[in-house]
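Take a look at the structure set out below.
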Amino acid sequence: MLLHDDGKQEFVSREKKDRRDFEQIAALASRMGLYSHLYSKVAVFSKVPLPNYRFDLDDKRPQREVSLNFGLLKRVNAYLGEYLSKKSRNKESFSDNCFSRSSSNSSIVTEEGLFEQPEPLASGTAVMEKILLRRCSLLRDQQQAWQESLEGREMLEFRQSLPAYKEKDTILTAILQNQVVIISGETGCGKTTQIPQFILESKIDSARGAFCSIICTQPRRISAISVSERVASERGEKLGESVGYKVRLEGIKGRDTRLLFCTTGILLRRLLVDRNLKGVTHVIVDEIHERGMNEDFLLIVLKDLLPRRPELKLILMSATLDAELFSSYFDGAPLIHIPGFTYPVRTHFLENILEMTGYRLTPSNQIDDYGQERMWKMSKQAPRKRKSQIVSSVEVCKLLFNVVKTELYRFV
Numbered sequence: 022m023l024l025h026d027d028g029k030q031e032f033v034s035r036e037k038k039d040r041r042d043f044e045q046i047a048a049l050a051s052r053m054g055l056y057s058h059l060y061s062k063v064a065v066f067s068k069v070p071l072p073n074y075r076f077d078l079d080d081k082r083p084q085r086e087v088s089l090n091f092g093l094l095k096r097v098n099a100y101l102g103e104y105l106s107k108k109s110r111n112k113e114s115f116s117d118n119c120f121s122r123s124s125s126n127s128s129i130v131t132e133e134g135l136f137e138q139p140e141p142l143a144s145g146t147a148v149m150e151k152i153l154l155r156r157c158s159l160l161r162d163q164q165q166a167w168q169e170s171l172e173g174r175e176m177l178e179f180r181q182s183l184p185a186y187k188e189k190d191t192i193l194t195a196i197l198q199n200q201v202v203i204i205s206g207e208t209g210c211g212k213t214t215q216i217p218q219f220i221l222e223s224k225i226d227s228a229r230g231a232f233c234s235i236i237c238t239q240p241r242r243i244s245a246i247s248v249s250e251r252v253a254s255e256r257g258e259k260l261g262e263s264v265g266y267k268v269r270l271e272g273i274k275g276r277d278t279r280l281l282f283c284t285t286g287i288l289l290r291r292l293l294v295d296r297n298l299k300g301v302t303h304v305i306v307d308e309i310h311e312r313g314m315n316e317d318f319l320l321i322v323l324k325d326l327l328p329r330r331p332e333l334k335l336i337l338m339s340a341t342l343d344a345e346l347f348s349s350y351f352d353g354a355p356l357i358h359i360p361g362f363t364y365p366v367r368t369h370f371l372e373n374i375l376e377m378t379g380y381r382l383t384p385s386n387q388i389d390d391y392g393q394e395r396m397w398k399m400s401k402q403a404p405r406k407r408k409s410q411i412v413s414s415v416e417v418c419k420l421l422f423n424v425v426k427t428e429l430y431r432f433v
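Take any residue in the sequence shown, count from 1 to its spot, add 21: that is its number in my numbering.
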C-alpha cells in the first residue's frame, strides 16, 4: 500500500505485534526497497532513509500546542518576513558557492549531526572574524585600564607575592611549547587562581582574547563557585563577564566569558555531546591527586581526545609530589613544580576556645538539640535483635513521644 501511494512517504505503526516481529518485517521491507527503523515504541517504514532519532516520536518530549494572540502573531510574521527577505538578498550574492556546497553534501541528518555546527560561509567567516577582533581590542583595553588603576595595582602587588607568580614565564613557555603540562605546588601557592589568569592575560595582551576559551575543572561545586568569584574580583570584574562558572543546576556565564570554572561532571557531560570540545583552547584539570572516579575517567577521555585536537592545551595541576605518575601516563609530559609555603593552618581545641570567649557551661545551655538524630544513631549502633512487629511499633511510638516532648519544652 505504501509503495503504490505516491502521496504517502512513510508508515508509522504503534502496534505491539509489529514491534515484536520488527526484524522479520524490516527484512521484508528491505527486499521491497523500503527503509525501516524502530523508535522505542514506534516502528516506522519509509521510502527515504530514516534518522536515528525523531523528536516527533519521542514520548518523553511531547509536542505542545502554543496559542498566540492575533497581534503578537502578526508581529512575528512581519519579523520573519523581514528576515527571509534579507536572507534571500544575501544568498543571491554567493548562490554559486551555495550550490556547489549543497551538491557535495548529503541532505540526511544523522544523530551525530545534531551536535555538529555547520561550516560557515566565507563571507560569514570574515564578518565573524572582524567581530572577534573588535572584542579582542575591547578586552585588551579593559584589562589595561584595570591594571593601571589604583585597585588594580594593589591587587597586582598581592598576586606578585604568591609563589605561583614567580613561575609565570616558565609556565607560559611550557604551555606554549607542549600540548600537556603538569604543574605541582603546595596548597596556598596560588596555582588554582593564578595559572588560569596567566593564560587568559597572555591571550588578551596578544590581541587573541576573544579567540581563546579556557575550562578549569574543580572536584567540588563549592570550589568552582568560590574560585570563580575570587578570580573575577582579582580582575576587577563582575562574575559572568570574562570569568564564569557552571555547576549542576546553577551557573553564571556571559557572551564574553573566556574562563569557565566547572565541576568535573559538567565537563564529562559536555564531552557526551561535543566529543572534540569545539572552540575550547585550554583545559585545566585541578586537584588531580584526589583520584576520584570522575577525574580518572576524564583523564582517559582527554588522552584519547588529544590526537584529534593537536591545538588543544591540557594543564594538570596537583598539590602533591606524585605528579610524575601523571607525567608518565601522558608520555613524559613536562613537570613544573612551584616551590612555596604550605597554607598556614592553626589548630584550636575546644577548651582553648571556651577560655578565649569566656563561655560558661551551665545545665541550661547543654541541651541536646539533636535528640532525634542521636537516638537514631544509637539504635543503628546497638546490637540487632529480632523483634516482633508489636515491639517495633511500641518503640516507634516512644521515639515520637520523646521528640514531641522535646519540641514542647523548647516551645515553652
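Even for Gly, the Cβ is constructed at its ideal location relative to N, Cα and C.
Note that this is a predicted model, so its numbers are computed, not measured.
Helix, strand or coil, according to DSSP, for residue i in the structure here?
i    : result
T213 : helix
Y74  : coil
Q30  : coil
F370 : coil
C157 : helix
G230 : helix
V264 : strand
Y104 : helix
A64  : strand
S128 : With a pLDDT of 36 at S128, under the threshold of 50, the predicted position of this residue should be treated as unreliable, though the coordinate-derived value follows. In the structure shown, S128 sits in coil (DSSP, three-state: anything other than H, G, I, E or B).
Q239 : strand
V2   : Outside the modelled stretch of the chain, which goes from 22 to 433, sits residue 2, for which no answer is possible.
L197 : helix
V97  : helix
L320 : helix
H25  : coil
Under 6 Å Cβ to Cβ from residue i, same chain only, skipping five residues before and after it: list those, please.
i    : result
V201 : L335, F351, A354
S57  : A47, A50, F66
A253 : L260, V264
L55  : F66
E188 : I359
Kindly give me the distance between the Cβ atoms of residue i and residue j, rounded to whole angstroms, as I take these residues to be in contact under 8 Å.
i    : j    : result
G206 : I359 : 3 Å
T368 : D307 : Their Cβ separation, rounded to whole angstroms, is 26 Å, which puts T368 and D307 out of contact at 8 Å.
S244 : R279 : Going by Cβ atoms, the distance from S244 to R279 rounds to 20 Å, so no, they are not a contact pair.
L319 : L298 : The Cβ separation is near 12 Å, so there is no contact.
L333 : T302 : 7 Å
V304 : I236 : 5 Å
V322 : L292 : 6 Å
G257 : G173 : 6 Å
E255 : R180 : 7 Å
I357 : I192 : 6 Å
E262 : G272 : Not really, about 14 Å apart at Cβ, beyond 8 Å.
E222 : Q163 : The Cβ separation is near 12 Å, so there is no contact.
P384 : E316 : About 50 Å separates the two Cβ atoms, so there is no contact after all.
R251 : T214 : 6 Å
Specify, as a first and last residue, the run of the alpha helix (DSSP H) that residue i falls within.
i    : result
E172 : 171-181
L327 : No alpha helix (DSSP H) contains L327, which DSSP labels as neither H nor E.
F43  : 43-52
F347 : 344-350
K299 : It is not in any alpha helix (DSSP H) - K299 carries neither H nor E in the DSSP assignment.
Y186 : 184-187
Is it buried or exposed for residue i, if we count other Cβ within 10 angstroms and need 16 for buried?
i    : result
H25  : exposed
I196 : buried
P217 : buried
R329 : exposed
K107 : exposed
K267 : buried
I152 : exposed
G230 : buried
L183 : buried
V97  : exposed
K224 : buried
E137 : Any reading at E137 needs caution, since the residue's pLDDT is 39, under 50, leaving its predicted position unreliable; the model's value is listed next. Exposed, by the Cβ-count rule.
E36  : exposed
F282 : buried
A340 : buried
S249 : buried
A344 : buried
Specify, as a first and last residue, the run of the beta strand (DSSP E) that residue i falls within.
i    : result
K18  : Outside the shown range of the chain (22 to 433) lies residue 18, about which nothing can therefore be said.
G272 : 271-273
S286 : Note that residue 286 is Gly in the sequence shown here, rather than Ser. Per DSSP, G286 belongs to no beta strand (DSSP E); it is in the alpha helix (DSSP H), 285-294.
I243 : No beta strand (DSSP E) contains I243, which is instead part of the alpha helix (DSSP H) from 242-255.
S88  : Premise fails: S88 is in no beta strand (DSSP E) and is neither H nor E.
I359 : 356-359
V202 : 201-206
Output needed for residue i: all residues of its chain with C-beta closer than 7 Å, excluding positions within five of it in sequence on either side, in chain order.
i    : result
K212 : A185, I204, G206, M338, I359
V33  : V63, V65
A228 : C157, S158, R161
L71  : Y56, H58, V65
Report all residues from its chain with a CB closer than 8 Å to the CB of residue i; omit the five preceding and five following residues, and keep chain order.
i    : result
E169 : none
R269 : R242, T284, G286, I287
E311 : P240
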